[in-house]
Amino acid sequence: AQKVTQAQTEISVVEKEDVTLDCVYETRDTTYYLFWYKQPPSGELVFLIRRNSFDEQNEISGRYSWNFQKSTSSFNFTITASQVVDSAVYFCALSERTYGGSQGNLIFGKGTKLSVKP
Amino acid sequence: NAGVMQNPRHLVRRRGQEARLRCSPMKGHSHVYWYRQLPEEGLKFMVYLQKENIIDESGMPKERFSAEFPKEGPSILRIQQVVRGDSAAYFCASSLQRLAVNTGELFFGEGSRLTVL
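And the structure:
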């Protein structure tokens, strides 16, 4: 069965520290997609990244970077030089390709609450 | 260029009452998805609708919950005879294309927080 595990419930760091949020997934399919979303205190969900299962290249976007390792079924997210504005709940999510098109079913982890203190 | 609009943002109901949550997708989007977030949990898929059609309702509870997306107007998630366990944040998302999940082009609203007393 599909499953996403974010083992870290809460992480607290001091500003400018680097922090890595872990995500481990389970899927039977060979074609799937992985996502990260940010949920700031205001409550909305902000899309951060999508990665398909055939693309194992790591990605960097400013202070954000993602490490996708198929061998360990992990898709970890690192924030470099964290800032107070990074404080939020971060969700990792998985979608398997559905023949004929997606049905909109994302499987979310329980989230990691990141607190960045000044 | 408004995003996905959900209202009300907060709703309080007593057990047995009905709750109606509305979602206006982004302009031009005809695909709407509802997710539920229980306290301290991740989001769980409920239903996927396209204009006037329910495409996938595999995540919807079998009783008391219904959803619609009429030709005109917002999508409505309706919960009849609410119980305390229905207390949660309900998120709506919309997309331009059907393959939204695979392309990552899924835009979420700010959620509607339902509290059942």
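As given, the protein sequences belong to chains A and B, one line each in that order. Numbered per the numbering used here, the first sequence spans residues 8 to 125. Numbered per the numbering used here, the second sequence spans residues 1427 to 1543. Each residue gets a CB set at the ideal place from its N, CA and C atoms; glycine is no exception. It should be emphasised that the depicted structure is a prediction, and the values quoted were computed from it without experimental measurement.
Among the residues facing chain A, leucine 1532/B is included, as its CB has a counterpart in that chain under 8 Å away.
Residue nearest to arginine 1448/B within the set Val1430/B, Leu1469/B, Ser1456/B is Val1430/B (criterion: CA-CA distance). When DSSP states are grouped into helix, strand and coil, serine 1513/B belongs to the coil group. Residue contact with chain B for glycine 69/A: absent (no Cβ-Cβ distance below 8 Å to any residue of chain B). With the rule of 3 Cβ pairs closer than 8 Å, the stretch 81 to 90 of chain A counts as touching the stretch 21 to 29 of chain A. A straight-line Cα-Cα distance of about 16 Å links valine 1473/B and aspartate 1512/B. In terms of Cβ geometry, tyrosine 1461/B and phenylalanine 1517/B form a close pair [threshold 8 Å]. For the stretch 1468 to 1483 of chain B, residues whose beta-carbon sits nearer than 8 Å to a beta-carbon of chain A comprise Gly1468, Leu1469, Lys1470, Phe1471, Tyr1474, Ile1481, Asp1482.
About 19 Å separates the Cβ atoms of phenylalanine 1495/B and lysine 1470/B, ruling out a contact at the 8 Å cut-off. Of Asn74/A, Pro47/A, Glu51/A, the smallest CA-CA separation from arginine 57/A is found for Asn74/A. Where glutamate 66/A is concerned, the enclosing beta strand (DSSP E) starts and stops at 66 to 68.
For phenylalanine 1517/B, the neighbours in chain A by C-beta distance under 8 Å run, in chain order, Leu52.
No residue range can be given for aspartate 36/A, since it is assigned to no beta strand (DSSP E) and is classified by DSSP as neither H nor E. In the DSSP assignment, methionine 1431/B falls within the beta strand (DSSP E) that extends over 1431 to 1433. Cβ neighbours of alanine 1493/B within its own chain (closer than 8 Å, five residues either side excluded): Trp1460, Met1472, Val1473, Leu1475, Ile1480, Glu1483, Met1486, Ser1501, Ile1502, Leu1503, Arg1504.
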